[in-house]
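First the structure, in the form of structure tokens, and then the observations on it.
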Amino acid sequence: MTKIAPRQLVKSDQIKVGVLALQGSFLEHLYILQRIGVKTTQVRLPEQLEDLDGLIIPGGESTTIGKLAVDFGLLEPLKQFGKKKAIWGTCAGAILLSKDAHRSQPLLELMDITVDRNAFGRQIASFEIDLDIPALESVSPESRPFHGVFIRAPLIASVDGDGKVLAALPDGRVVAVQQGQLLATAFHPELTDDDRVHRYFVQLAAENTIN
Ligand code: GLN
191 MTKIAPRQLV KSDQIKVGVL ALQGSFLEHL YILQRIGVKT TQVRLPEQLE DLDGLIIPGG
251 ESTTIGKLAV DFGLLEPLKQ FGKKKAIWGT CAGAILLSKD AHRSQPLLEL MDITVDRNAF
311 GRQIASFEID LDIPALESVS PESRPFHGVF IRAPLIASVD GDGKVLAALP DGRVVAVQQG
371 QLLATAFHPE LTDDDRVHRY FVQLAAENTI N
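Counting in our numbering, the final residue of the sequence shown is number 401, and the numbers go up one at a time with none missing.
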């Protein structure tokens, strides 16, 4: 794979990021991407993946998103896309990226992570907590915490291969992992005003674009 566009040369407006728009919080991701000046599109068909540098799979309900991806003929094209291009899965999207969610449901199996769905309990057990994410210093020099919004969130139960833990809860349980051009967060940056994880992903997408 040829890496182009060193970090300091990447311009957001040269990058196009799609958001899988089958179910869940895809509009919130689109608003943030547009705000940071990235070209965007909603993805519902395989051909809409063609000119993208990266794709976000939003939160929602992972079984539903997976089944709709099968129905729309997107499961295999998404797997192929993620072998070369950047994908970021938030919450349900992180579940879809995993190789095992301990249930029978369609998965992309692109990342060497396993997840425990609804690991914190029911909707009412949703919570917010400040997270330390040192990797974000590459897009913003200030090292302030990132406000993590967890809604019926999964935990990343195991990380194998060359996956790197980007964020964990104070008790050490893992909530964000990067494996090459693939990113999984158990929380929802699109529900905050803080665009640092989006900018981090756009850099990742730019660096992995093959010309
Ligand atoms: N609980 C959902 C699932 O297991 C994920 C929740 C979310 O994306 N906010 O698919």
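Note that the Cβ used here is the ideal one computed from N, Cα and C, for glycine as well. Treat the numbers as computed from the prediction; the structure is a model and nothing was measured.
If I follow the unbroken beta strand (DSSP E) through residue i, where does it start and stop?
i      : result
Phe340 : 336 to 340
Thr399 : Segment: none, Thr399 is in no beta strand (DSSP E) and carries neither H nor E.
Gly249 : Gly249 -> no beta strand (DSSP E), and no H or E assigned at all.
Gly208 : 206 to 210
Glu266 : Where Glu266 is concerned, there is no enclosing beta strand (DSSP E), although the alpha helix (DSSP H) it sits in stretches over 265 to 274.
Ile303 : 303 to 306
Leu345 : 345 to 349
Leu373 : 372 to 375
Gln368 : 364 to 369
CB of residue i to nearest heavy atom of the ligand GLN: below 6 angstroms?
i      : result
Ser252 : yes
Arg342 : yes
Arg363 : no
Gly249 : yes
Arg307 : yes
Ala282 : yes
Only counting the same chain, and skipping five residues up and downstream in sequence, which positions put a Cβ closer than 6 angstroms to that of residue i?
i      : result
Asp385 : Ile222, Ile226
Gly351 : Asp302
Thr317 : Sequence check: residue 317 is Phe here, not Thr. Correct list, in chain order: Phe340.
Phe216 : Val209, Pro248
Lys229 : Lys206
Lys201 : none
Gln198 : Summary for Gln198: the model assigns pLDDT 47, below 50, so the residue's position carries little reliability, and this model does not support an answer.
Gln204 : none
Within a Cβ cutoff of 7 angstroms, which residues of the same chain sit near residue i, ignoring the five residues on either side of it in sequence?
i      : result
Pro267 : Pro236, Leu239
Ser348 : Ile303, Thr304
His337 : Glu318, Asp320, Thr382, Asp384
Leu356 : Ile323, Ala325, Ala366, Val367, Gln368
Ala211 : Gln232, Val233, Arg234
Pop quiz: residue i and residue j are said to be a contact at Cβ under 8 angstroms. What is the actual Cβ separation, rounded to whole angstroms?
i      : j      : result
Glu251 : Gln213 : 6 angstroms
Arg389 : Arg342 : Not quite, the Cβ-Cβ distance comes to about 26 angstroms (not below 8 angstroms), so this is no contact.
Ala374 : Gly279 : 5 angstroms
Val209 : Gln232 : 6 angstroms
Lys269 : Leu300 : 7 angstroms
Ile346 : Val364 : 4 angstroms
His219 : Glu380 : 5 angstroms
Ile255 : Ala282 : 6 angstroms
Leu372 : Leu287 : 6 angstroms
What are the start and end residues of the alpha helix (DSSP H) that includes residue i?
i      : result
Phe260 : For clarity, residue 260 is Val in the given sequence; the question names Phe instead. Where Val260 is concerned, the enclosing alpha helix (DSSP H) stretches over 252 to 261.
Leu238 : Strictly speaking, residue 238 in this sequence is Gln, with Leu absent from that position. Gln238 -> no alpha helix (DSSP H), and no H or E assigned at all.
Ala357 : Note, Ala357: premise wrong, no alpha helix (DSSP H); beta strand (DSSP E) at 354 to 358.
Phe224 : One point to set straight first is that residue 224 is Gln, not Phe, in the sequence displayed. From DSSP, the alpha helix (DSSP H) with Gln224 extends over 216 to 225.
Leu326 : First-last for Leu326: undefined, no H or E at that position.
Ala284 : 282 to 287
Give me, in chain order, the residues of the same chain whose beta-carbon lies closer than 8 angstroms to that of residue i; leave out the 5 immediate sequence neighbours on both sides.
i      : result
Phe271 : Leu239, Leu242, Leu245, Ile277
Arg307 : Ser252, Ile285, Ala291, His292, Arg293, Pro344
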